Each structure stands twice: as structure tokens, then as C-alpha cells.
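Trainee: In our numbering, the protein residues as written are 68 to 191. Ideal Cβ positions, reconstructed from N, Cα and C, are used throughout, including at glycine. Computed from a predicted model, the values in this text were never measured in an experiment. Here it is: the structure, laid out below.
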Amino acid sequence: MKCETLVDKILDSDHHVRFAAIFDMSGNVKASKERKGIVRMVSSDKTKEWAGKAVNSWKNREQLYPLIGEGQYVLAVYKNLKRITMPVGKDHLIYVTFDNDGGQEDIIRAVQNQKPGYGVPGLE
68 MKCETLVDKI LDSDHHVRFA AIFDMSGNVK ASKERKGIVR MVSSDKTKEW
118 AGKAVNSWKN REQLYPLIGE GQYVLAVYKN LKRITMPVGK DHLIYVTFDN
168 DGGQEDIIRA VQNQKPGYGV PGLE
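Structure (C-alpha cells):
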């Protein structure tokens, strides 16, 4: 699946999703898109900076996998939005922001349902 296709599917999965991006494990943005008509809270440069931090944090968590199992997602809750970071295989992370009035469990499930599963080719 192409990274751009996955980003589009995530944006279409719930109207509360504001922004979706795919990063590789070096912190490079492979695809990103924001919902039309939203007021941007974070600049593109700041998003790239956050990408690197998200990747580094994810890599640090991998050290715990033998003890607690592989990470499924990380949820960060802020005053003005929520953000999830979720792996796609071992080579990419999904990074999604959404409005606080969105049902986080519904959105997390929707994002999980969009990403390639086991036995499905990874991202291009």
C-alpha cells in the first residue's frame, strides 16, 4: 500500500481526524495530509521535529518489548487536541492528530483498521 493511500484512508476514517502522516524510522515524512478547512495548530517544521522525537521515543520503547510485548500505539492528550503514534510493521509509524471532542477509542480502532495487517504487503 502506498503511504499516500494510507494517509487518505485515515483522514476519511473519522471526521475528527485533523492530520495524518507516515514516518519512516529515520524520522522522514513519507506522506502527510491535513483535513481541508481546519485551522493549523502546528507548523510543518514543528511536525517534522515531532516526527524525529516520536521515532526516537518509539525506538526507546522497543527495549521493553521482551518484558511487556510490542507496542500497539501511544496516545498523547493535550488541551487542544489528541495525538496517536502507531507502528506499521517495523519500518514506519503512523502519526495522527484529532479533535478532543472525537471518541478516542473509535478513532484509534478506525486507524488500526486502515493500516496493513499481517500478511499484507507493507508500505511503499
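So, for tryptophan 117: in the same chain, excluding its five sequence neighbours on each side, which residues have a beta-carbon less than 8 Å away from its beta-carbon?
Mentor: Closer than 8 Å at Cβ, skipping near neighbours: Val109, Tyr162.
Trainee: Between the Cα of threonine 106 and those of Phe165, Gly136, Asp91, spot the shortest distance and give me the residue it belongs to.
Mentor: The residue asked about is misnamed: residue 106 is valine in this sequence, not threonine. The option with the nearest alpha carbon to valine 106 is Phe165.
Trainee: Specify whether the segment 114 to 133 and the segment 170 to 184 touch according to this definition: at least 3 beta carbon pairs, one from each stretch, less than 8 Å apart.
Mentor: Touching, no.
Trainee: Excluding the five sequence neighbours on either side, which residues of its own chain have a C-beta within less than 7 Å of the C-beta of glutamine 171, listed in chain order?
Mentor: Leu142, Lys149, listed in sequence order.
Trainee: Between valine 96 and serine 80, what straight-line distance do the alpha-carbon atoms span, to the nearest angstrom?
Mentor: One C-alpha to the other measures close to 21 Å.
Trainee: From this set, Val178, Leu160, Gly156, Asn167, which residue's C-alpha is nearest glycine 94's C-alpha?
Mentor: Selected option, being the one with the closest Cα: Leu160.
Trainee: Closest to asparagine 127 by CA distance: which of Met92, Asp173, Ile174, Gln179 is it?
Mentor: Among Met92, Asp173, Ile174, Gln179, the Cα nearest to that of asparagine 127 is on Met92.
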